[in-house]
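One structure below.
Protein chains in written order, with the working numbering: chain C, 77 to 643; chain Z, 77 to 643.
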């Protein structure tokens, strides 16, 4: 299982990586090496696949890869093009394209748009490699009990090779394992689950490729969030297949004309080298998992878009502290620049906390006070604002000056601006558009504030010392845009807010249901009002890393013009 | 045909409007009144329909509407919910729900995501109203020759009622008319095509509802971009149906079990009032069409999101002049505020042109120089920028100061900021993120610069006097962010740029193909590089009105992380 980190559009880079991993697998004397979903193009390629030139280039790339398959059989994801285009898996062996499988079940929910691009496949190939029957399928195909896996097993597949670009969200590993074990056991097949790793815009792929035995037992599992070639010897012929529930012969018969059979080579090689023994890699805890997703998501966004360094506005608060710690882990402390931008409302504590954090991380920090630009705006707007009261305008101005300074540093020095807003803020619109929302990548956009604390504490724990200063973890959150401001002036406290947001934004709960869950009516009304009225801000937010089942990007597509009232 | 302007999520508002139009139709003694696609929820409701509470509320709203159907039969779009949800048309008559049709062909390309939400329907109802057989279907259903229209016609439908939320793009009317005429003629049926009007975020619906005879002749067509109740007396029984090409009986037989038949009332009423005679409304020219789409799109975005007024940065250039003219037409000159924000690089001509434009339009204009904030930023950044050269940083700073000022005015006075970037700029990234891109709505985001001139001239023409000053139409475009700057320093001239952009962005042409089209290789390479590298900017742009077949919003979904090189 070649658990690789591809880059969307990087056809030559992906090709080289695939060939490299193929060669490594050959050295180990593997019979079959399976790559990830759309490995040739990177996943998800989105509207690139609507470009005929891109699809052709991807086909050419597959041809080059095919020429490198002497002595091995490889399963490689690519975009096939016939009458239409397909999310496909090529079975290539000894320099020949032996078969192409077209993904049958196309996800078109959440972050997925596969019906926008692909037609579903119709054929269930059974590939005999050295006497062993493989059933190939792609990602979503294995999630459904009555999907291709079942038909392929009934048609004689002993091993299902399922290639994936399965985006991470916290806790998904458990769901996946349970599903794969069920699929293996009920179909009496080995299941080889290969998943991608790496970040691609909003998505992170978490790897953790695995093989399950026909009894549903986990035989091997790779690392999470890291590239790896994972080897395993499947002993075949396996257990008697008489145990398969054959009441579904009808199903098989019905699909008969769609079942292809390809024999790659006749007999099993008996005296072959034994592949290196590997152990099951234990998955991370939820908090650790989220941390690693954020690190790899940040690293890949920075690197794959061609940046080398990043800049972060450090306020002395917990959000920017966490983002700085993640950025240092992702791209190296020497490439991360902090900027403290005090105004008249900034406290000494904030200043101290920001500088101590930078010191703890070993990163550079600049001090750029915003008093002067702020005063000059007030002077400039003086006559226009005559006879008006001070309000959120002046608060937003400060945030926007900071945004401008960060963008100026980005323009001047080529640093990518990382924004520091969390999911609780982004959901309620407690953020300034073009102010603290200004930047290229929103690292913790999908991390609720309560989880921001968990991940921050985790960072201190694994460092074995204080990285994020203790005071940052304990002081009351504040935007410091007016005297004595606290987040809790504008929002319910986060332990109250976050569960309401989960119910409303992630779970689409009805208003009445939320009241029954025990939430206070006025508070729920207030939160719903905030979420509904801030859609326009989210629409202009930078992308950020999905770590929950429903993030605030492609995952949630709300109209801005929307008069629906749920209470 | 009730060609109405609904608002997404405004269930009670849409309900009242539907009942109002129904009552008007009753007064005219119409037998049947057809509304638009998803009229109850507004179209497109996007992820709102994933909320169970929203779907329930929409069903409740349909019930209330049903109670108002005494003496008339209405076809009303709503979201049906059974095992799954459906894009549906209710046939309600005499206070009863008679039948529900589920849309069969779900668009999932371009701006559409219907597979994300809906399951395709399976049944072809034939509804007999006063002895006339109606076949109901929805939007996309009629676009395909072998779609439901054919089956319904073969099953005996004499009139096809097709309800739509069909987004406008320039020239779509012609395609539509040709398609509808073909559908009517080949199936020997009347086609009643009802389309929505109004703006919804990026989309504008252009109305122009029509009825075509079985010979394909256009019998009646409504206005474009305006609400209207369009009446027509269809004389039935129509021509003999023996002319129908029945070689497709097989098709009909195959679908037999899915063809429902509902009889609403038995006999035709012979002595009824004749509906008012209407004429075919001639469609606008392309330029006029685009102008009206921009006006209604702007008006509806402002009004439906609850704003009353708008603010525009006036530079004295053509883009901001056009946006100001559109805004005045959309929401009234008294509600539009211009701001001229000169820097040291602004010319006297620009100042004069901005003020003359405002005077011509009769709108207010403020003068807010940006010298002071600009100087204060430079002072603030002085030590950080020591030993660096002046570059795009300082240009962007000016644009961002202007963005901040507009946003401050928006925050202080509740004015919606309209941005002024055109499609040529947005495609090439010739715009400053958080600078001139800052605002709630990007009026001409999908209008190429060359068309900006056409529409501007059209405005002067229909006004019968100079609105947009002559010099604005003739001077060389400039951003005035450094001395003697011209757009043509950074971009190919627009008559060269726009056709390349059309080929690359709208038509997905291959690189080689573009060279064969006669474009200069270096220029094409430069344009492709600009388009590909500015995806991150577009991702954070405000929504704007779609007027071309492929706009730069939901219509074009490109990865930011993308290393594909097409040359």
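From the three backbone atoms N, C-alpha and C, an ideal C-beta is built for every residue, glycine too.
None of these values were measured; they are calculated from a predicted model.
- Taking 9 Å as the Cβ-Cβ cut-off, the segment 109-131 of chain C approaches chain Z at 117, 118, 120, 121, 122, 123, 124, 126, 127, 128, 129, 130, given in chain order.
- A Cβ-Cβ distance of about 6 Å is found for the pair residue 241/Z and residue 281/Z, placing them in contact under the 8 Å criterion.
- Contact of residue 522/C with chain Z is not assigned, every C-beta pair being separated by 8 Å or more.
- Between the C-alpha atoms of residue 117/C and residue 195/Z there is a straight-line separation of about 30 Å.
- Neighbours of residue 634/Z in chain C, taken as residues at a C-beta separation under 9 Å, are given in chain order as 122, 123, 124.
- Apart from sequence neighbours up to five positions away, the residues of its chain that approach residue 113/C with a beta-carbon distance below 6 Å are 119, 153, 214, 215, 239, 240, 241, ordered along the chain.
- Between residue 363/C and residue 580/C the beta-carbon gap is near 24 Å, outside 8 Å, which marks them as no contact.
- Within the segment 572-601 of chain Z, those residues whose Cβ lies closer than 7 Å to any Cβ of chain C are, in chain order, 584, 586, 587.
- Near chain Z, meaning a CB-to-CB distance below 8 Å, the residues of the segment 432-462 of chain C are 442, 444, 445, 446, 448, 449, 451, 452, 453, 455, 456, 457, 460, 461.
- The segment 435-451 of chain Z makes contact with the segment 414-427 of chain Z: 3 or more CB pairs, one atom from each, lie closer than 8 Å.
- Residue pairing of residue 243/Z in beta bridges, as defined by DSSP: 281/Z.
- With a contact defined as Cβ atoms closer than 8 Å, residue 151/C and residue 176/C miss out at about 11 Å.
- Taking the CA atoms as reference points, residue 185/Z sits about 8 Å from residue 631/Z.
- Only exposed fits residue 221/C, as fewer than 16 other CB atoms lie within 10 angstroms of its CB.
- Counting every other CB atom within 10 Å of its CB across the protein chains shown gives residue 252/Z a total of 16 or more, marking it as buried.
- When only Cα atoms are considered, residue 529/C and residue 84/Z end up about 38 Å apart.
- For residue 568/C against residue 599/C, the beta-carbon gap comes to about 5 Å, under 8 Å, which counts as contact.
- Contact between residue 544/C and residue 398/C holds, since their C-beta atoms are separated by about 7 Å, short of 8 Å.
- The three-state reading of DSSP puts residue 405/C in helix, counting H, G and I together.
- At a cut-off of 8 Å between C-beta atoms, residue 227/C does not count as an interface residue with respect to chain Z.
- Note on geometry: alpha-carbon atoms of residue 147/C and residue 169/C lie some 7 Å from one another.
- Neighbours of residue 137/Z in chain C, taken as residues whose beta carbon is under 7 Å from its own, are absent, since the nearest beta carbon is some 11 Å off.
- Per DSSP, the unbroken alpha helix (DSSP H) holding residue 128/Z starts and ends at 128-142.
- Here residue 474/C carries a helix assignment [DSSP, helix/strand/coil].
- Looking from the CA of residue 128/C, the closest CA among 627/Z, 375/Z, 589/Z belongs to 589/Z.
- Closest option to residue 100/Z, judged by alpha-carbon separation, among 87/Z, 86/Z, 79/Z, 115/Z: 79/Z.
- Within chain Z, no C-beta atom comes nearer than 7 Å to that of residue 283/C; the closest sits roughly 18 Å away.
- Here DSSP, grouped into helix, strand and coil, assigns residue 178/Z to strand.
- Pairing residue 456/C with residue 449/Z gives a Cβ-Cβ distance under 8 Å.
- The DSSP-derived three-state label of residue 113/C is coil.
- Interface criterion not met: the Cβ of residue 502/Z is under 8 Å from no Cβ in chain C.
- The secondary-structure analysis by DSSP pairs residue 304/Z across a beta bridge with 79/Z.
- Closest in alpha carbon position to residue 637/C, among 619/Z, 628/Z, 187/Z, is 619/Z.
- Under the three-state reduction of DSSP output, residue 431/Z falls in the helix class.
- Interface with chain Z (8 Å Cβ-Cβ cutoff): residue 639/C is included.
- Here the alpha carbons of residue 596/C and residue 254/C stand approximately 36 Å from one another.
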